[in-house]
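Sequential numbering of the sequence shown, starting at 63, is according to the numbering used here.
Report on the following structure.
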Amino acid sequence: MSSRWTWIFGITLAFAGLIVVFFSHEISLWISPPKNEVAVGPVVAKVTRAEGPVSVLHRGKLAAETGLTGQPLHHRDRVVVDRRGVLSLSFDSGYEIEILPQSEFVIELWSETHSSSPIYINMVQGDYRVISNGILGQLYMVMNRQIFVPSRRPKTPPLPLVISQTTGSPSSDVKTETSPEPEPIKGSFVEDLATEDQIKDVPATLDTLSDKYISEVIAAQREAFSRCQANAVRDNRNAKGNLLFGVTIDPRGVIEDVKVLQSDIDNPELVECARMVFTRARFPSFSGPPIKRSFPLNYE
Numbered sequence: 063m064s065s066r067w068t069w070i071f072g073i074t075l076a077f078a079g080l081i082v083v084f085f086s087h088e089i090s091l092w093i094s095p096p097k098n099e100v101a102v103g104p105v106v107a108k109v110t111r112a113e114g115p116v117s118v119l120h121r122g123k124l125a126a127e128t129g130l131t132g133q134p135l136h137h138r139d140r141v142v143v144d145r146r147g148v149l150s151l152s153f154d155s156g157y158e159i160e161i162l163p164q165s166e167f168v169i170e171l172w173s174e175t176h177s178s179s180p181i182y183i184n185m186v187q188g189d190y191r192v193i194s195n196g197i198l199g200q201l202y203m204v205m206n207r208q209i210f211v212p213s214r215r216p217k218t219p220p221l222p223l224v225i226s227q228t229t230g231s232p233s234s235d236v237k238t239e240t241s242p243e244p245e246p247i248k249g250s251f252v253e254d255l256a257t258e259d260q261i262k263d264v265p266a267t268l269d270t271l272s273d274k275y276i277s278e279v280i281a282a283q284r285e286a287f288s289r290c291q292a293n294a295v296r297d298n299r300n301a302k303g304n305l306l307f308g309v310t311i312d313p314r315g316v317i318e319d320v321k322v323l324q325s326d327i328d329n330p331e332l333v334e335c336a337r338m339v340f341t342r343a344r345f346p347s348f349s350g351p352p353i354k355r356s357f358p359l360n361y362e
């Protein structure tokens, strides 16, 4: 009799073991439910107030929905503030920003490899309010296809540089070829600069460069931008869409950094080609701080 019960007990244990093996994953989830994805990467801001529905996504996965007050935001976090939500952020630069209801934004370092890099908030939708200002040049907003410091919102958005498809022969060397330099513009910021060499050697006596002058220098690169599109057409690749570039103009008069802020063009080669055109633009040197500007570029 005892041997019979021993046999039954053994079969039961074996069956239980099979259940554990086959359903080990489900059992582990039941015992220890998965936690939300923990954000990694450089910290860029601190949440000082979060009320109502607010979601933080990191790399496309939900990182947090509750208990956000006092928590950090990381490089490339996407944040969604519901119509009943409230969110305030503070930054090491001294800025404090309130994100208004029904807003969505992505927060990033301008350069992930530099801890002192400026931070920019790319507003996908919605609006913000400045609670307190901080160190100028350490925080930027990207809205309406333009980049600006939070307290100096432009009244009108910039006109995009529109490039249309051409029927001319594309140049296969567009990425390495030096673009024609723009003719110098006479005016309050540039006086009596007659040649390209004079533009490069002008002393740093200007405080800054005007928006009008910067736009005209970039617009003078139209032919190079057009060659990028012509190459895409030749290769039967996507050659239409809208781009938004952010650039940093060094006081030496060179563009030291070009960043793609927004793009709806599924053609990395065209985007990179256009980015390289910006790097070849040259300006007079100036004595003020580096200039950050955004440039909408539309390929039609």
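Virtual Cβ for every residue (Gly too), placed ideally from N, Cα, C.
query = Comparing alpha-carbon positions, which option in Arg296, Phe345, Cys290 lies nearest Leu359?
reply = Indexing the sequence shown from 1 puts residue 359 at position 297. For Leu359, the nearest C-alpha among the options comes from Cys290.
ask   = So what does DSSP say about Thr341, is it helix, strand or coil?
value = In the sequence shown, counting from the first residue as 1, residue 341 sits at position 279. Thr341: helix per DSSP, three-state reduction.
request  = Label Val224 either buried or exposed according to how many other C-beta atoms from any shown protein chain fall within 10 Å of its C-beta, with 16 as the threshold for buried.
outcome  = By one-based count along the sequence shown, residue 224 stands at place 162. Val224 is exposed by the Cβ-count criterion.
ask   = Between Val295 and Lys108, what straight-line distance do the alpha-carbon atoms span, to the nearest angstrom?
value = Residue 295 sits at position 233 when you count from the first residue of the sequence shown. Residue 108 sits at position 46 when you count from the first residue of the sequence shown. Going from the Cα of Val295 to the Cα of Lys108 covers about 46 Å.
request  = On a CA-only basis, which of Gly315, Ser152, Tyr275, Tyr361 is nearest Lys302? Give me that one, please.
outcome  = Against the sequence shown, residue 302 aligns to sequence position 240. Among Gly315, Ser152, Tyr275, Tyr361, the Cα nearest to that of Lys302 belongs to Tyr361.
request  = Kindly identify the DSSP beta-bridge partner or partners of Leu359.
outcome  = As a first step, residue 359 is located in the sequence shown; it is residue number 297 there, counting from the start. Leu359 is bridged to Leu223, Leu305.
query = Could you give the distance in angstroms between the alpha-carbon of Glu158 and the alpha-carbon of Val339?
reply = For the purposes of this step, residue 158 is taken as the residue at position 96 of the sequence shown. For the purposes of this step, residue 339 is taken as the residue at position 277 of the sequence shown. Their backbone Cα atoms lie some 36 Å apart in a straight line.
inquiry  = So, under 8 Å CB-CB, Leu323 and Phe307 are touching, yes? Tell me the CB distance rounded to an integer number of Å.
reply    = For the purposes of this step, residue 323 is taken as the residue at position 261 of the sequence shown. For the purposes of this step, residue 307 is taken as the residue at position 245 of the sequence shown. With 8 Å as the limit, Leu323 and Phe307 qualify as a contact, their Cβ atoms being about 7 Å apart.
Endpoints, the alpha helix (DSSP H) within which Lys217 is located = Mapped onto the sequence shown, residue 217 falls at position 155. That residue, Lys217, is in no alpha helix (DSSP H); it is neither H nor E in DSSP.
task = Identify every run of the beta strand (DSSP E) within the segment 126-159, keeping only runs that are complete inside it and at least 3 residues long; order them along the chain.
result = 134-136, 139-143, 148-152
key: Residue range of the alpha helix (DSSP H) that includes Asn293   = Start at 1 with the first residue of the sequence shown, and residue 293 comes out as number 231. First-last of the alpha helix (DSSP H) with Asn293: 284-296.
Alpha-carbon to alpha-carbon, Arg207 and Ile183 = Residue 183 sits at position 121 when you count from the first residue of the sequence shown. Residue 207 sits at position 145 when you count from the first residue of the sequence shown. Distance between the alpha carbons of Ile183 and Arg207 is about 12 Å.
Leu149 versus Gly156, Lys354, Tyr275, Pro134, residue with shortest Cα-Cα distance = Locating residue 149 in the sequence shown gives position 87, where the first residue counts as 1. For Leu149, the nearest C-alpha among the options comes from Pro134.
message = I'd like to confirm the pairing. Which residues does DSSP put opposite Lys123 in its beta bridges?
response = Locating residue 123 in the sequence shown gives position 61, counting from the first residue. According to DSSP, Lys123 bridges with His120.
inquiry  = For Ile276, tell me which candidate among Glu160, Ala125, Ile311 has the shortest Cα-Cα distance.
reply    = Position 214 of the sequence shown holds residue 276. Among Glu160, Ala125, Ile311, the Cα nearest to that of Ile276 belongs to Ile311.
query = Can you give the beta carbon distance from Gly199 to Pro351, rounded, assuming they're within the 8 Å contact cut?
reply = By one-based count along the sequence shown, residue 199 stands at place 137. By one-based count along the sequence shown, residue 351 stands at place 289. That belief holds up - the Cβ atoms of Gly199 and Pro351 are roughly 6 Å apart, short of 8 Å.
Which residues DSSP lists as bridging Tyr202, in chain order = Counting from 1 along the sequence shown, the entry for residue 202 is found at position 140. Tyr202 is bridged to Tyr182.
task = Answer with buried or exposed for Lys123, where buried requires no fewer than 16 other C-beta atoms within 10 angstroms of its C-beta.
result = The residue you call residue 123 lines up with position 61 of the sequence shown. Lys123 comes out exposed.
key: Cα-Cα separation between Leu151 and Asp319, rounded to whole angstroms   = Here residue 151 refers to the residue found at position 89 when the sequence shown is read from its first residue. Here residue 319 refers to the residue found at position 257 when the sequence shown is read from its first residue. About 27 Å.
ask   = Quick one: what's got a C-beta closer than 6 Å to Ser165's C-beta in the same chain, skipping five residues either side?
value = What you label residue 165 is simply residue 103 of the sequence shown in a count that begins at 1. Taken in chain order, the residues that qualify are Val143, Gly188.
ask   = Per DSSP, what kind of secondary structure is Asp319 in: helix, strand or coil?
value = Sequence index remark: in the sequence shown, residue 319 carries index 257 (1-based). In the structure shown, Asp319 sits in a strand (DSSP, three-state: E or B).
query = For the beta strand (DSSP E) that Ile276 lies in, which residues bound it at each end?
reply = Locating residue 276 in the sequence shown gives position 214, where the first residue counts as 1. Ile276 -> not in any beta strand (DSSP E); alpha helix (DSSP H) instead, spanning 273-281.
inquiry  = For Gly196 and Pro180, I'd like the C-alpha separation in whole angstroms.
reply    = By one-based count along the sequence shown, residue 196 stands at place 134. By one-based count along the sequence shown, residue 180 stands at place 118. Roughly 12 Å separates the two Cα atoms.
query = Sorted by chain position, which residues of the same chain lie with C-beta nearer than 7 Å to Ser155's C-beta, five sequence neighbours on each side aside?
reply = Along the sequence shown, read from residue 1 onward, the residue named residue 155 stands at position 93. These residues qualify, in order along the chain: Gly196, Ile197, Gln200, Leu201.
query = Taking C-alpha atoms, which residue in Ala336, Ala281, Thr270 lies nearest to Ile353?
reply = Within the sequence shown, numbered from 1, the residue matching residue 353 stands at position 291. Closest option to Ile353, Cα to Cα, is Thr270.
request  = Please determine, among Gly129, Arg145, Thr175, the residue with the shortest C-alpha to C-alpha distance to Val106.
outcome  = Counting from 1 along the sequence shown, the entry for residue 106 is found at position 44. Nearest of Gly129, Arg145, Thr175 to Val106, Cα basis: Thr175.
ask   = Counting along the chain, where does the beta strand (DSSP E) carrying Gln164 start and finish?
value = Residue mapping note: residue 164 aligns to position 102 of the sequence shown, counting from 1. Unbroken run through Gln164: none, as it is neither H nor E.
query = Measuring CB to CB, does Arg140 end up less than 9 Å from Gly114?
reply = Here residue 140 is taken as the residue at index 78 of the sequence shown, counted from 1. Here residue 114 is taken as the residue at index 52 of the sequence shown, counted from 1. In this structure, Gly114 does not lie closer than 9 Å to Arg140 by Cβ.
request  = Run the CB neighbour count on Ala292, radius 10 Å, all protein chains shown included, and call it buried at 16 or more, exposed below.
outcome  = In the sequence shown, the residue the question calls residue 292 occupies position 230. Classification of Ala292: buried, given that the 10 Å Cβ count is 16 or more.
ask   = Near Leu332, what residues of its chain come up, given a Cβ to Cβ distance below 8 Å and the 5 sequence neighbours on each side ignored?
value = Within the sequence shown, numbered from 1, the residue matching residue 332 stands at position 270. Contacts found: Cys290, Gln291, Asn293, Ala294, Arg299, Asn300, Ala301, Tyr361.
Bridge partner(s) assigned by DSSP for Glu113 = The residue labelled residue 113 in the question sits at position 51 within the sequence shown. Glu113 pairs with Val148.
request  = Taking Asn304 and Asp328 to be in contact with their CB atoms under 8 Å, please state how far apart those CB atoms are, rounded to whole angstroms.
outcome  = Locating residue 304 in the sequence shown gives position 242, counting from the first residue. Locating residue 328 in the sequence shown gives position 266, counting from the first residue. 12 Å between Cβ atoms; not a contact.
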